[in-house]
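A.B. asks: Pasting a structure below so you can have a look.
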Amino acid sequence: MGKYSVPEEIRKLRPRGTTVKKVKGHYYVYEYSSTSTKQEMSDGSFEWKTVNKMGPCIGQITLEDGFVRNGRELTETDLSVFEYGDYFLIRECAAETRRLLAEKFSEEEANQIFSVASIFLAEGFQDMGRLPDVFSESVLSQWYPDVRMGSDALKTLYANLGKHGKKPDKFRQNLINNSSKKVAVFRHANARPAESGDLSAYGYKAEKSDNEQMNRMTAYDTETQLPLYNEMLIGSDPDEAAAEGMFSWFHFSDTLFLIGAEFSTEKDKALFSENGNTYIVPMLPGQEDYEAIYEAVEFDEQKTFTYEKDGYSSLIRYETYEIEGNPVSYHVFLDTKRQSAERETYIRRMKAGVKGYTEEGLADSENDFGLIFLETNDLRKTAQEVFTDYQSRRDLETFFRSVDSNSELNALDQQDSRNMPGLSFLLQISGMIFSELRKVLREQAVSVKDAMFLLSGLKLVKDRNRYVVRNENKERRQLCEKINLNPANHGVQSSTT
């Protein structure tokens, strides 16, 4: 617990713009704001002074009930400070996602979906019960005053978004039809505590996580960096069931699928080969074709190419094989830079005395460092094209690391599997927003996480019936200037009362 007298599990439950104080064993929530102003000093210089202000007590937190207000709902007139900076960044940089929503949904529906997805990205994934408070405390409530965010409205939203054949599916199919036709598919396991709900059953990664799991399957356009499909899955569902579900609702044609080893069964590969589609998939040790190719590998010194991307550069050796009766090509690659790195890592762990890393193990592994085995049914592709295409699948892994984690998904606390299809769609929209932000910020070598953290300090303050942006400082101004944004354009009409 460190220096805090309030436990972390209590602090996590407080609304933004508040602080918690422990009084006689109870945890009370007070309005709290922090603003920075520029002050002139006696020597003529200027300094930024931060003023913290604590307001009245607005409620109490218990582990059993979470945050409970003082017998009333928070109204607009109660609030004078709104979370602003990170939502401003989202609104300005994710206009394309908002436009695409407007093509398939009504204005009210599009604003509601965009608001929830924005909250998921800015605040972390939130349980349905907390969304109304988070919305009312943010500038979203000022931009979209007609959006309903009560319990019944959210239940209706989740239910409508989960209906197959309706607007959400048409939205996704439109993304698929206009994609680059190069799609990475990834099944991601999220460990969940046993009481999490009916989607958490012991699944294929349970032994590694020692927990029940809730899975997600995402199809991701590696060229446009947009998630095309996202679905929450029961942990015990086999991978072919996940793939069958995607193909049963959506039509893909002439698409290259970059799939993980979990989709390497013959049934899966047949699914990814329909309608002129092709696939690239890693080969699995122990399978007959892998063992046959492994024994035959002998690199020709003349068969090389250089792979370069995002600062990574390596000489790649390669060989291509075919097995009579199998209508596929097998490509084996030796990534020389990866080979050296894996060898150095093994030796470092061996010297550190890590269990399982021995001199004998090093000798046995020498020929395996840097090796990559890939299978494809696209016989027209060269070895270099196969390698380069599959490396683009790393973008999907970056997506999951950036907008997904076990702790965040646990915060969703969705006990009812009927909500999951709708939630899956909202998470996809959140991913689309993230992708747009990453495109803008990558040019400035700034991560989405760092930019949102920095700009989250900006607040929109209602001051004498006018809305003004507070807490601007040099660092925040410089970031906004780099990406051509003006935080003063907050888009909220001044009050006349």
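Residues -2 to 494 (the working numbering) are what the sequence shown spells out, left to right. Heads up, the beta-carbon is just placed ideally off N, CA and C, and yes, glycines get one too. Here the structure is a predicted model, which is why all the values come from computation and not from measurement.
Near Glu228, what residues of its chain come up, given a Cβ to Cβ distance below 6 angstroms and the 5 sequence neighbours on each side ignored?
C.D. replies: One-based indexing of the sequence shown puts residue 228 at position 231. Met214, Ser421.
A.B. asks: Among the residues of its own chain, which have a CB less than 6 angstroms from the CB of Gly419, if the five just before and after it don't count?
C.D. replies: Locating residue 419 in the sequence shown gives position 422, counting from the first residue. Result list for Gly419: Tyr155, Leu158, Gly159, in chain order.
A.B. asks: For a test of the three-state rule: what should DSSP assign to Thr275, helix, strand or coil?
C.D. replies: The count along the sequence shown starts at 1 and reaches residue 275 at position 278. Reduced to three states, the DSSP call for Thr275 is strand.
A.B. asks: Give the DSSP-derived three-state secondary structure of Gln222 in the structure shown.
C.D. replies: Walking along the sequence shown from the start, residue 222 turns up at place 225. Looking at Gln222 - three-state DSSP - the assignment turns out to be coil, as it is neither helix nor strand.
A.B. asks: Quick check: what's the CA-CA separation for His487 versus Ser135?
C.D. replies: Here the question's residue 487 lines up with position 490 in the sequence shown. Here the question's residue 135 lines up with position 138 in the sequence shown. In a straight line, the C-alpha of His487 is about 12 angstroms away from that of Ser135.
A.B. asks: Looking at C-alpha atoms only, which residue of Asp218, Glu356, Lys266, Pro484 is the closest neighbour of Glu241?
C.D. replies: In the sequence shown, counting from the first residue as 1, residue 241 sits at position 244. If we check each option's Cα against that of Glu241, Lys266 comes out closest.
A.B. asks: Mind checking who Met214 pairs with in its DSSP beta bridge?
C.D. replies: For the purposes of this step, residue 214 is identified with residue 217 of the sequence shown, where counting begins at 1. Note: Met214 sits in a beta bridge opposite Arg184, Glu228.
A.B. asks: What does the alpha-carbon distance come out to for the pair Ala485 and Phe302?
C.D. replies: As a working note, residue 485 is residue 488 in the sequence shown. As a working note, residue 302 is residue 305 in the sequence shown. For Ala485 and Phe302, the distance between alpha carbons rounds to 51 angstroms.
A.B. asks: Give me whichever residues DSSP pairs with Lys179 in a beta bridge.
C.D. replies: The residue labelled residue 179 in the question sits at position 182 within the sequence shown. Lys179 is bridged to Leu253.
A.B. asks: Please classify Ile344 as buried or exposed, where buried requires at least 16 neighbouring CB atoms within 10 angstroms.
C.D. replies: As a first step, residue 344 must be located in the sequence shown, where it is residue number 347. With fewer than 16 other Cβ atoms within 10 Å, it is exposed.
A.B. asks: For Asp149, count neighbouring Cβ atoms within 10 angstroms of its own Cβ and tell me buried if that reaches 16, exposed if not.
C.D. replies: Stepping through the sequence shown from its first residue, residue 149 is reached at position 152. With fewer than 16 Cβ atoms within 10 Å of its Cβ, Asp149 is classed as exposed.
A.B. asks: Taking the beta strand (DSSP E) that Phe302 falls in, what are its first and last residues?
C.D. replies: Position 305 of the sequence shown, counted from the start, is the residue given in the question as residue 302. 301 to 306 is the span of the beta strand (DSSP E), which, as asked, contains Phe302.
A.B. asks: Taking only heavy atoms of the ligand ZN into account, decide whether any of them is closer than 6 angstroms to the Cβ of Ser245.
C.D. replies: The ligand ZN is not part of the structure shown, which contains no ligands of any sort.
A.B. asks: Measure the C-alpha to C-alpha separation of Arg314 and Ala380 and round it to an integer number of angstroms.
C.D. replies: Locating residue 314 in the sequence shown gives position 317, where the first residue counts as 1. Locating residue 380 in the sequence shown gives position 383, where the first residue counts as 1. So the two alpha carbons sit approximately 10 angstroms from each other.
A.B. asks: Using a Cβ distance threshold of 8 angstroms, determine whether the region 93 to 106 contacts the region 163 to 177, with at least three qualifying pairs required.
C.D. replies: They touch, by the three-pair rule.
A.B. asks: With DSSP collapsed to three states, give me the class of Glu80.
C.D. replies: Your numbering for residue 80 matches position 83 in the sequence shown. Strand, per DSSP.
A.B. asks: Looking only at C-alpha atoms, which of Tyr276, Trp246, Ser133, Arg145 sits nearest to Arg163?
C.D. replies: Numbered from its first residue, the sequence shown carries residue 163 at position 166. The residue asked about is misnamed: residue 163 is Lys in this sequence, not Arg. The shortest Cα separation from Lys163 among Tyr276, Trp246, Ser133, Arg145 belongs to Trp246.
A.B. asks: Quick one: grab the DSSP three-state call for Arg435.
C.D. replies: Numbered from 1 along the sequence shown, position 438 holds the residue referred to as residue 435. Correct three-state label for Arg435: helix.
A.B. asks: What ranges does the beta strand (DSSP E) occupy inside the region 299 to 357, keeping only unbroken runs of at least 3 residues that lie completely in it?
C.D. replies: Listed in chain order, they are 301 to 306, 309 to 318, 326 to 332.
A.B. asks: I need the straight-line Cα distance from Met496 to Leu128, nearest angstrom please.
C.D. replies: Absent from the model: residue 496. The displayed extent of the chain is -2 to 494, so no value can be given.
A.B. asks: In three-state terms, what does DSSP make of Arg127?
C.D. replies: The residue given as residue 127 occupies position 130 in the sequence shown. Here Arg127 sits in coil by DSSP.
A.B. asks: Along the alpha helix (DSSP H) that carries Lys471, what are the first and last residues, could you check?
C.D. replies: Here residue 471 refers to the residue found at position 474 when the sequence shown is read from its first residue. Looking at the DSSP string, the run of the alpha helix (DSSP H) that includes Lys471 is 471 to 479.
A.B. asks: Roughly how far, in whole angstroms, is the beta-carbon of Tyr318 from the beta-carbon of Ile277, given that I think they are within contact range, below 8 angstroms?
C.D. replies: Stepping through the sequence shown from its first residue, residue 318 is reached at position 321. Stepping through the sequence shown from its first residue, residue 277 is reached at position 280. At roughly 15 angstroms, the Cβ-Cβ gap does not stay under 8 angstroms, so Tyr318 and Ile277 are not in contact.
A.B. asks: Where does the unbroken alpha helix (DSSP H) through Lys152 begin, and where does it stop?
C.D. replies: As a working mapping, residue 152 is identified with position 155 in the sequence shown. It spans 148 to 158 - the alpha helix (DSSP H) in which Lys152 sits, taken as one unbroken run.
A.B. asks: Hey, would you say Ser389 sits closer than 7 angstroms to Thr219, going by beta carbons?
C.D. replies: Working through the sequence shown from its first residue, we reach residue 389 at position 392. Working through the sequence shown from its first residue, we reach residue 219 at position 222. Taking 7 angstroms as the Cβ cut-off, Ser389 and Thr219 qualify as a contacting pair.
A.B. asks: Starting from the C-beta of Phe366, find all residues in its chain whose C-beta is less than 7 angstroms away, skip the five residues before and the five after it, and write them out in chain order.
C.D. replies: Counted from its first residue, the sequence shown places residue 366 at position 369. Same-chain partners within the cutoff: Gln336, Glu339, Arg340.
A.B. asks: Is the region 432 to 443 close to the region 52 to 61, with three or more CB pairs under 8 angstroms?
C.D. replies: Segments in contact, no.
A.B. asks: Leaving out five residues before and five after Thr275 in sequence, what residues of the same chain have Cβ atoms less than 6 angstroms from its Cβ?
C.D. replies: Residue 275 sits at position 278 when you count from the first residue of the sequence shown. Same-chain partners within the cutoff: Leu253, Asn374, Asp375.
A.B. asks: Which of helix, strand or coil does DSSP assign to Asn174?
C.D. replies: For the purposes of this step, residue 174 is taken as the residue at position 177 of the sequence shown. It is helical.
A.B. asks: State yes or no: is the C-beta of Leu452 within less than 7 angstroms of the C-beta of Asp83?
C.D. replies: In the sequence shown, the residue the question calls residue 452 occupies position 455. In the sequence shown, the residue the question calls residue 83 occupies position 86. Yes, these two residues count as a Cβ contact at 7 angstroms.
A.B. asks: Please report the straight-line C-alpha distance between Asn483 and Thr15, rounded to a whole angstrom.
C.D. replies: Mapped onto the sequence shown, residue 483 falls at position 486. Mapped onto the sequence shown, residue 15 falls at position 18. One C-alpha to the other measures close to 27 angstroms.
A.B. asks: Under 7 angstroms Cβ to Cβ from Ala161, same chain only, skipping five residues before and after it: list those, please.
C.D. replies: For the purposes of this step, residue 161 is taken as residue 164 along the sequence shown, with counting starting at 1. Residue identity check: residue 161 is His in the sequence provided, not Ala. Taken in chain order, the residues that qualify are Trp246.
A.B. asks: Over what stretch of residues does the alpha helix (DSSP H) that includes Lys446 continue unbroken?
C.D. replies: As a working note, residue 446 is residue 449 in the sequence shown. Element bounds for Lys446: 445 to 452.
A.B. asks: Please state whether DSSP places Pro418 in a helix, a strand or coil.
C.D. replies: If you number the sequence shown from 1, residue 418 lands on position 421. It is helical.
A.B. asks: Which residues share a DSSP beta bridge with Cys54?
C.D. replies: Along the sequence shown, one-based indexing puts residue 54 at 57. Cys54 is bridged to Tyr27.
A.B. asks: Need the endpoints of the alpha helix (DSSP H) that Lys264 sits in, please.
C.D. replies: Reading the sequence shown from its first residue, position 267 is the one you call residue 264. Looking at the DSSP string, the run of the alpha helix (DSSP H) that includes Lys264 is 263 to 268.
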